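J.: Can you read through this structure? Questions will come right after.
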Amino acid sequence: APMEPPPQSNTLMGLPIVAIESILSFLSYDETSQLRLVCKRMDLVCQRMLNQGFLKVERYHNLCQKQVKAQLPRRESERRNHSLARHADILAAVETRLSLLNMTFMKYVDSNLCCFIPGKVIDEIYRVLRYVNSTRAPQRAHEVLQELRDISSMAMEYFDEKIVPILKRKMPGSDVSGRLIGTAPVPGPSAALTTMQLFSKQSPSRQEVTKLQQQVKANGTGLTALKREISELRIKVQEQQKQLQDQDQKLLEQTQIIGEQNARLAELERKLREVMESTVGNSSGSGSNEQSPRKRRKAVDSTDCPRKSKRLRNRK
């Protein structure tokens with residue numbers, strides 16, 4: 001007789017959600033995001049874990065930032081020369097990146113339209129935070145955060161270009177075509193009901209009132225989106241300013257290094273001149289010593305000549 005298939009409770013998907021989450025906690029968030037393709041139940045569990053992972057990494061970042069700020073001096077001038085200055089710069093850049101991710105994804109996560117999709121970004125943020133906590137002298141912020149900036153920027157761009165248009169069609173404040181209710185309609189016979197048309201009627205129906213409420217809600221949503229875009233631009237400007245400050249600091253350090261090299265070259269040139277002058281003096285001294293014995297011989301010969309002449313006279 002053929003063997004009966006095992007009951008569904010013996011499989012992984014038959015376990016309670018708490019048990020499945022405990023098993024998946026041994027994987028990285030990138031691997032968890034890839035497991036969403038297994039089945040619908042696994043997709044729901046992985047979505048929950050990804051959302052919780054982003055909230056956990058935000059809390060972990062806040063804890064690390066509080067610990068670093070508690071050890072930094074209060075004066076801004078003294079912080080630059082402190083041993084934890086680079087730690088603070090890296091954590092500030094991570095905070096900016098978390099804010100951008102929050103504004104990009106969490107609006108739709110709170111509406112239960114999607115989850116925090118890029119699990120690899122969570123893994124990279126954890127890697128940076130652990131590196132900051134375990135290293136006394138970390139590298140510069142742009143070197144540590146290069147990978148995080150690349151993958152998070154690509155994730156946000158792909159989400160805005162490919163996924164957001166699909167999610168907007170599922171939002172309650174949008175019509176079938178995906179256009180938010182309350183925005184400027186396309187001219188034609190199927191134009192949406194305007195507010196003036198609604199108030200011109202003596203007894204508007206309940207459906208029309210509901211539609212007007214949806215339009216007001218959509219306008220508020222659009223205003224909120226504009227505010228978020230403005231805040232994103234401000235954060236980007238702050239990030240660019242921080243990069244300019246880093247570049248100025250590098251330029252100052254390079255100028256100092258060039259000044260030190262010029263001082264060393266000047267000192268070497270001075271020593272080389274001294275050595276050359278000493279060698280020239282030694283050569284001139286040796287030449288004068290060679291000429292002095294000759295002069296002595298001539299002087300002796302000149303003193304001997306009168307003596308020889310006296311002897312010859314006496315003999316005569």
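Taking UniProt numbering, the leading residue of the sequence shown gets 1, the next gets one more, and so forth.
For every residue, glycine included, the Cβ atom is placed at its ideal position computed from N, Cα and C.
Predicted, not measured: the structure shown is a model, and the values here were computed from it.
#1: For residue 149, which of helix, strand or coil comes out of DSSP?
#2: Within 10 angstroms of the Cβ of residue 188, are there 16 or more other Cβ atoms? Answer buried if so, exposed if not.
#3: Take residue 147 as the anchor and find which of 159, 38, 70, 122 has the nearest alpha-carbon.
#4: Report the residue ranges of all alpha helix (DSSP H) runs contained in full by the UniProt domain "F-box" (9–57); include only those spanning at least 4 residues, in chain order.
#5: With contact counted as at least three CB pairs below 8 Å, one residue from each stretch, are the region 41–61 and the region 14–30 in contact?
#6: Who are the Cβ neighbours of residue 232 in its own chain at under 7 Å, not counting the five residues just before and after it?
#7: When you measure from the CB of residue 284 to every non-hydrogen atom of the ligand MG, does any distance come out below 6 Å?
#8: Taking Cβ positions, are residue 82 and residue 91 nearer each other than 7 Å?
#9: Starting from the C-beta of residue 25, find all residues in its chain whose C-beta is less than 8 Å away, skip the five residues before and the five after it, and write them out in chain order.
#10: What is the DSSP secondary structure of residue 283, reduced to helix, strand or coil?
#11: Given residue 64, which residues of its chain have a CB within under 8 Å of its CB, disregarding the five upstream and five downstream residues?
#12: Output the boundary residues of the alpha helix (DSSP H) element that contains residue 110.
#13: Whose CA, out of 145, 17, 97, lies closest to the CA of residue 236?
#14: Quick check: the Cα distance between residue 70 and residue 138, rounded to an integer number of angstroms?
#15: Could you tell me the distance, in whole angstroms, from the CA atom of residue 16 to the CA atom of residue 42?
#16: Whole angstroms is fine: what's the gap from residue 220's alpha carbon to residue 239's?
#17: Apart from the five residues just before and just after residue 109, which ones in its own chain have a Cβ nearer than 7 Å to its Cβ?
#18: What's the gap between the Cα of residue 87 and the Cα of residue 135?
#19: Taking buried to mean at least 16 other C-beta atoms within 10 Å of its own C-beta, is residue 335 buried or exposed?
#20: Go through its chain and collect everything with a Cβ distance to residue 44's Cβ below 7 Å, but skip five positions before and after it.
#21: By the DSSP assignment, the alpha helix (DSSP H) with residue 141 in it spans what residues?
T.: According to the structure data:
#1: Start at 1 with the first residue of the sequence shown, and residue 149 comes out as number 149. Here residue 149 sits in helix by DSSP.
#2: Numbered from its first residue, the sequence shown carries residue 188 at position 188. Its pLDDT being 40, under 50, residue 188 is placed unreliably in this model, and the coordinates cannot settle the point.
#3: Locating residue 147 in the sequence shown gives position 147, where the first residue counts as 1. The candidate whose alpha carbon is nearest that of residue 147 is 122.
#4: 17–24, 29–34
#5: yes
#6: As a position in the sequence shown, residue 232 is number 232, starting the count at 1. The residues are 100, 103.
#7: The model depicted lacks the ligand MG and carries no ligand whatsoever.
#8: Here the question's residue 82 lines up with position 82 in the sequence shown. Here the question's residue 91 lines up with position 91 in the sequence shown. Against a cut-off of 7 Å, the Cβ pair of residue 91 and residue 82 comes out as no contact.
#9: Taking the sequence shown and counting its residues from 1, one reaches residue 25 at position 25. Correct list, in chain order: 49.
#10: Against the sequence shown, residue 283 aligns to sequence position 283. Here residue 283 sits in helix by DSSP.
#11: Position 64 of the sequence shown holds residue 64. Correct list, in chain order: 91, 129, 132, 133.
#12: Counting from 1 along the sequence shown, the entry for residue 110 is found at position 110. Residues 85–110.
#13: Indexing the sequence shown from 1 puts residue 236 at position 236. The shortest C-alpha separation from residue 236 is found at 97.
#14: For the purposes of this step, residue 70 is taken as residue 70 along the sequence shown, with counting starting at 1. For the purposes of this step, residue 138 is taken as residue 138 along the sequence shown, with counting starting at 1. Spanning the two alpha carbons is a distance of roughly 18 Å.
#15: Taking the sequence shown and counting its residues from 1, one reaches residue 16 at position 16. Taking the sequence shown and counting its residues from 1, one reaches residue 42 at position 42. Roughly 12 Å between the two C-alpha positions.
#16: As a working mapping, residue 220 is identified with position 220 in the sequence shown. As a working mapping, residue 239 is identified with position 239 in the sequence shown. So the alpha carbons of these two residues sit roughly 29 Å apart.
#17: Mapped onto the sequence shown, residue 109 falls at position 109. So the list reads 51, 115, 116, once near-sequence residues are dropped.
#18: Locating residue 87 in the sequence shown gives position 87, counting from the first residue. Locating residue 135 in the sequence shown gives position 135, counting from the first residue. Their Cα atoms are separated by approximately 9 Å.
#19: Here the chain comprises residues numbered 1 to 316, so residue 335 is not present and cannot be evaluated.
#20: Counted from its first residue, the sequence shown places residue 44 at position 44. Excluding sequence neighbours, residue 44 sits near nothing in its chain.
#21: Position 141 of the sequence shown, counted from the start, is the residue given in the question as residue 141. Residues 141–144.
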